[in-house]
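Q: I have a structure here, written as structure tokens, and I will follow up with some questions on it.
Protein chains in written order, with my numbering: chain A, 5 to 651; chain B, 5 to 651.
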């Protein structure tokens with residue numbers, strides 16, 4: 005049996021099978037509901053209001069109405085007041101009849117603030133795809149060579165350096181005879197790696213286009229490029245549509261494991277959205293998507309497998325093996341990407357289970373393996389990846405930082421999107437805060453009402469660092485009762501918290517606080533990162549870190565001092581810490597512009613030593629030590645000293 | 005506007021656009037109507053009877069009714085009596101309203117008698133597809149190689165001779181992780197050319213299957229083979245469904261040129277039918293089509309292009325260039341063939357415009373290039389192809405024999421199918437004939453009523469030879485009035501004919517005759533073949549023909565003496581003429597069993613010299629000379645002598 009379901013405010017309607025949850029219905033109809041926990045009924049973020057088909061007077065125990073009765077989980081995660089207003093959790097409320105559902109802004113996956121531009125490298129231009137102009141002689145009764153043979157002979161005669169054996173893609177044969185004759189035997193051939201003809205065109209079409217895609221767990225950044233000139237013509241980005249299946253890779257892998265058609269659903273969703281993105285970008289530049297010859301994709305291993313429609317389940321359990329690690333060249337048509345018929349999709353190689361092609365992309369962009377200085381590269385996306393070394397040795401590990409640093413598992417956490425608190429200062433005497441909000445240049449001190457939706461990763465780091473400096477949090481991470489300020493208080497369950505904004509100071513109308521639980525989540529994440537870096541330093545045999553590179557959007561937004569204050573990573577002097585932005589996207593572009601970067605990527609994938617840091621005998625000890633906020637007292641250099649002492 | 009059309013006796017119904025011809029409607033609805041001329045309104049074979057929607061009293065000048073008025077062509081090709089019965093030609097009668105149409109048996113494309121079995125060669129077994137059993141170690145935290153890498157390493161360790169770089173097909177990655185784990189890391193990998201993994205299976209599945217297909221213009225012969233043993237498990241055949249677009253390649257090329265979606269229609273038709281054939285064959289052996297790893301296809305150039313969905317138009321006009329001549333390996337999924345997902349489709353190379361991969365297949369089967377004796381190979385399919393030479397030199401040409409030798413352009417001509425007259429003897433005194441019918445072992449002399457549908461190629465050759473021997477036809481090919489028999493008579497238009505069966509001697513109820521026009525058609529065909537052979541002999545520089553090989557079904561069915569009598573090809577002594585059956589199919593099988601045969605095919609395609617015989621300065625003279633039936637008087641050897649004299 006199916007029922008009519010309407011989602012407001014967009015008014016999206018559809019027939020939904022009885023018994024599906026509201027979250028499933030939203031996914032089916034393409035309605036955007038944020039579910040950071042992936043429907044695991046643990047985050048309570050997917051609140052929706054039932055407008056029709058639900059009698060308020062039925063109350064929470066209602067067995068009537070057109071939706072399922074309130075579950076135990078909802079009783080924990082929603083307040084009485086919310087129930088009274090008709091709020092329910094989309095992930096555990098089942099559709100039993102016709103309903104009208106309102107999705108509040110706070111429950112939507114928001115457009116991210118994505119740092120797309122990494123540092124601009126100087127690079128060689130030698131793309132994998134090139135165009136060659138060739139004039140052919142017309143066939144005659146004496147020269148009755150076939151069209152393909154004539155074209156290949158013509159190319160070889162003009163361009164002596166081409167490969168001996170030039171193939172022609174099947175798709176290209178279909179247009180070939182007509183194009184040759186329409187063009188009067190004067191054509192432009194598009195070659196893949198100087199050995200396969202993938203397109204033949206008439207006329208003056210010498211520009212070659214490609215797209216570099218950094219397919220992140222949360223966000224997708226894409227660059228439409230002109231290959232022969234190395235120009236980026238257009239940048240675009242979008243939220244990975246898979247966020248509705250969970251914010252982190254583990255939720256998505258779990259979704260695949262628990263649902264028979266889970267992989268197919270997620271794969272077709274990402275391919276569909278990538279096609280939309282490609283088309284939108286091409287259109288913006290006045291091009292057809294069919295003019296794109298190649299796409300380079302970098303992503304972590306789980307995203308890689310899902311984008312390829314390969315079962316990622318085995319990444320999710322020990323020994324965390326991936327299905328394929330080598331770089332891949334796949335016909336766009338096999339993958340379902342609507343670029344040129346014979347177009348190529350290149351995936352950079354993967355290092356190990358949780359260290360993906362995106363990390364390889366960061367490495368070919370930063371090139372630590374070409375340097376003498378020992379560089380620690382930290383890429384905090386939804387996963388934390390760390391590389392350390394130089395031309396002699398390069399180690400890499402993955403850290404289970406969890407999603408705390410990106411705003412999940414934090415009471416008022418959210419992604420870096422407009423309306424998020426991104427900066428916090430706390431007066432050490434009055435303990436009064438001032439805050440900075442994404443999309444608003446000014447710092448606010450509570451004197452005017454502000455429109456905030458939550459607090460993002462960099463805001464949390466800032467808040468915790470300030471709480472440490474002002475003594476609200478001690479070195480063990482415990483919130484200490486301070487009688488000087490009502491902001492440090494016990495919540496209704498008796499747990500300590502620090503109120504950042506009183507309900508009358510913000511338009512959400514709630515006290516926005518940093519809780520003891522939030523501090524613990526940050527402690528776990530930073531300890532994982534710090535311990536991972538320490539394991540790499542120990543294993544490398546090197547004595548010290550010369551430079552720290554923070555890659556990824558998160559690394560660019562955070563306040564480096566705050567990060568050092570909470571001890572997110574070892575210190576090597578503030579002047580030696582650089583944020584490079586989206587280095588993964590940069591690596592993807594480099595692989596698009598210069599095919600030798602792909603060989604470099606293969607070599608790097610062999611050169612780097614993957615360290616399963618959590619399996620190191622010292623990990624537990626390092627992790628435990630790193631849980632402490634000691635360094636706030638010792639200062640930045642104290643951290644460095646203590647680190648070197650342990651090596 | 006659309007109308008309801010019903011085809012009887014099958015009762016197939018459908019809505020048809022106003023203005024479509026009955027032939028087009030039949031094609032759309034999948035109703036079998038034979039149209040040897042491809043709808044060019046010249047053969048008059050597509051007679052159908054309008055049962056409803058056509059008023060008999062309207063007569064031939066009717067402007068009313070639900071079909072178009074009688075065309076000039078129909079007036080020529082149909083008799084008054086046929087019009088009176090409601091007969092019309094399907095190719096030029098348009099649908100203007102609801103109609104019920106009866107398709108008589110005589111207007112149906114019949115199941116052919118196909119000679120599938122060529123001579124059985126001894127051959128090497130070294131297929132392009134092989135299976136390798138490999139036991140892998142399970143991944144651990146210390147050995148976290150990816151699945152694909154582990155498999156490739158395992159294969160290389162076990163089978164040292166494999167290529168250095170082994171690729172894995174994308175389709176294969178999709179199943180890989182599950183198969184490896186289900187099989188406990190003990191699998192069978194299917195490799196293409198020892199360098200690409202195209203399938204991975206669990207368990208004891210060491211047999212490899214492939215299908216060799218001889219895709220003829222008229223008939224398709226297919227062989228399901230077990231590659232590792234060289235066994236043919238199952239033979240099957242079908243009429244090429246494209247015969248409804250014309251019997252010969254020119255009609256089909258014309259159809260593509262005249263119809264925007266002509267190529268797409270013919271391509272999807274052939275792919276659909278090949279899939280049906282493959283599935284039927286696999287099923288007959290208790291296999292799934294997914295177990296077929298490779299298909300080898302041989303065909304003439306036009307069929308090759310259409311099967312590949314490549315525009316064949318330019319084959320149809322000077323300088324007759326093909327789009328691609330080299331051998332091709334195409335993923336079955338790109339072609340739409342439903343075999344193994346990663347399966348391969350191999351096309352043998354093409355020689356020149358009208359000399360196709362089927363001729364190459366004949367050559368790799370007969371191997372004239374390995375012999376000292378000079379061999380003339382004649383393959384009369386719907387096109388005539390001749391090769392001549394030995395290990396020193398090999399020449400090949402294509403002859404415009406026209407479809408006469410296959411029964412088209414002959415008044416009572418038909419394909420070699422049950423009910424066709426295949427043998428004729430004429431008593432030299434009484435001029436009374438006896439006939440042999442396909443599907444009937446006995447010779448008939450008119451004493452009992454016989455059920456015949458027409459006369460096929462070998463019957464025509466026989467009839468003409470007998471008419472020459474008995475003096476009914478003179479050396480110029482003219483039917484000579486003989487007062488000794490009423491069977492030699494003038495038809496209603498005053499043209500001479502020989503009545504093979506009186507209307508009371510056969511169930512068609514008509515006088516079945518060989519007309520003067522039929523004799524001329526045979527003369528043109530045999531002269532083209534003979535002149536072609538003579539040009540090759542001249543060009544080769546060789547003095548004589550040591551052996552003649554007749555390839556193809558036609559060559560196997562015809563009476564060699566009759567063929568020599570009419571002078572179809574030069575004589576070299578009856579004992580040196582061999583019929584080898586479907587040598588093209590044999591070549592396809594060899595390429596399936598032994599990949600070195602594919603290299604041999606490439607070499608042959610380079611080695612053979614294509615001769616455009618019609619462009620030779622002597623062709624006209626040779627052709628004119630060969631029009632004569634002189635040899636009947638000179639006897640078999642005289643022909644040989646006269647040929648050698650001209651060299």
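Even glycine gets a Cβ: it sits at the ideal position worked out from N, Cα and C.
#1: Considering only residues of the region 345-416 of chain B, which uninterrupted alpha helix (DSSP H) runs meet the minimum length of 4 residues and lie entirely inside it, listed in chain order?
#2: Over what stretch of residues does the beta strand (DSSP E) that includes residue 265 of chain A continue unbroken?
#3: What residues in the region 321-337 of chain A bring their beta carbon closer than 7 Å to a beta carbon of chain B?
#4: Roughly how far, in whole angstroms, is the beta-carbon of residue 27 of chain B from the beta-carbon of residue 37 of chain B, given that I think they are within contact range, below 8 Å?
#5: If we define contact as Cβ-Cβ less than 8 Å, is residue 148 of chain A a contact residue for chain B?
#6: Can you give the Cα-Cα distance for residue 615 of chain B and residue 397 of chain B, rounded to whole angstroms?
#7: Threshold first: 3 residues or longer. Then list the beta strand (DSSP E) segments lying entirely within the region 208-249 of chain B, N to C.
#8: Determine which residues share a DSSP beta bridge with residue 195 of chain A and list them.
#9: So, at 7 Å on beta carbons, what are the nonlocal neighbours of residue 191 of chain B in its own chain, with the 5 sequence-adjacent residues on each side left out?
#10: Please list the residues of the region 165-196 of chain B that have a C-beta atom closer than 8 Å to any C-beta atom in chain A, keeping them in chain order.
#11: 8 Å is my cut-off, CB to CB: does residue 258 of chain A come that close to chain B?
#12: Would you call the CB atoms of residue 631 of chain A and residue 481 of chain A closer than 8 Å?
#13: List the residues that DSSP assigns as beta-bridge partners of residue 9 of chain B.
#14: Please classify residue 612 of chain A: does DSSP put it in a helix, a strand, or coil?
#15: Which same chain residues end up closer than 7 Å to residue 177 of chain B when comparing Cβ atoms and leaving out the 5 residues on each side of it in sequence?
#16: Which residues of chain A have a Cβ atom closer than 7 Å to the Cβ of residue 144 of chain B, listed in chain order?
#17: Consider the Cβ of residue 466 of chain B: report whether some Cβ of chain A lies at a distance smaller than 8 Å.
#18: I want to know whether the region 298-307 of chain B touches the region 345-362 of chain B - three or more CB-CB distances under 8 Å.
#19: Give me the chain B residues within the contact set of residue 312 of chain A, using Cβ-Cβ distance strictly less than 9 Å, ordered along the chain.
#20: Cα separation between residue 514 of chain A and residue 432 of chain A?
#21: Starting from residue 500 of chain B and walking both ways along the alpha helix (DSSP H), at which residues does that stretch end?
#22: Would you please verify whether the beta carbon of residue 616 of chain A is less than 8 Å from any beta carbon of chain B?
#23: For a cutoff of 8 Å on Cβ pairs, would you count residue 152 of chain B as touching chain A?
#24: Would you report the Cα separation of residue 248 of chain A and residue 40 of chain A, rounded to the nearest angstrom?
#25: Three or more C-beta pairs closer than 8 Å, one from the region 369-379 of chain A and one from the region 388-396 of chain A: is that the case here?
#26: In or out: residue 111 of chain B buried (at least 16 other Cβ within 10 Å) or exposed?
#27: At a cut of 8 Å, does the region 437-448 of chain A reach the region 417-426 of chain A through at least three beta carbon pairs?
#28: Residues in its own chain within less than 6 Å of residue 65 of chain B by CB, not counting five upstream and five downstream?
#29: Going along the chain, which unbroken runs of the alpha helix (DSSP H) with 4 or more residues stay wholly within the region 486-539 of chain B?
#30: Can you check whether the CB of residue 166 of chain A is closer than 8 Å to the CB of residue 155 of chain A?
#31: Shorter than 8 Å from the beta carbon of residue 39 of chain B to some beta carbon of chain C?
#32: By the three-class DSSP mapping on this structure, what secondary structure does residue 297 of chain A have?
#33: Between which two residues does the alpha helix (DSSP H) harbouring residue 181 of chain B extend?
#34: On the three-state DSSP scale, how would you describe residue 633 of chain B?
#35: Residues in its own chain within less than 6 Å of residue 128 of chain B by CB, not counting five upstream and five downstream?
A: In terms of the structure at hand:
#1: 361-370
#2: Per DSSP, residue 265 of chain A is not a residue of any beta strand (DSSP E), being assigned neither H nor E.
#3: 322, 323, 324, 325, 326, 327, 328, 329, 330 and 334
#4: By a beta-carbon distance limit of 8 Å, residue 27 of chain B contacts residue 37 of chain B. Their separation comes to about 6 Å.
#5: yes
#6: For residue 615 of chain B and residue 397 of chain B, the distance between alpha carbons rounds to 12 Å.
#7: Inside the region 208-249 of chain B, DSSP marks whole beta strand (DSSP E) runs of 3 or more residues at positions 213-219, 223-230 and 235-243, from first to last along the chain.
#8: A:134 and A:201
#9: 138, 183, 184, 204, 205 and 206
#10: 172, 174, 175, 177, 178, 180, 181, 182 and 185
#11: no
#12: yes
#13: B:18 and B:103
#14: Under the three-state reduction of DSSP, residue 612 of chain A is assigned to coil, being neither helix nor strand.
#15: 152
#16: Those within 7 Å of residue 144 of chain B in chain A are 323.
#17: Output row for residue 466 of chain B: interface = no.
#18: In this structure the region 298-307 of chain B lies against the region 345-362 of chain B, because at least three pairs of beta carbons, one per stretch, are closer than 8 Å.
#19: 174, 177 and 178
#20: 24 Å
#21: Per DSSP, residue 500 of chain B lies in no alpha helix (DSSP H); the unbroken beta strand (DSSP E) holding it starts and ends at 500-505.
#22: yes
#23: Judged by the 8 Å Cβ criterion, residue 152 of chain B is in contact with chain A.
#24: 7 Å
#25: The region 369-379 of chain A is in contact with the region 388-396 of chain A.
#26: buried
#27: yes
#28: Only weak support exists for where residue 65 of chain B lies, its pLDDT of 42 falling under 50; the value from the coordinates is given anyway. For residue 65 of chain B, where only same-chain residues beyond five positions count, there are no Cβ hits under 6 Å.
#29: none
#30: no
#31: Here chain C cannot be found, since the structure's protein chains are A and B.
#32: strand
#33: 174-186
#34: Note: residue 633 of chain B maps to coil in three-state DSSP.
#35: Excluding the 5 residues flanking it on each side, residue 128 of chain B has same chain C-beta neighbours closer than 6 Å at 598, in chain order.
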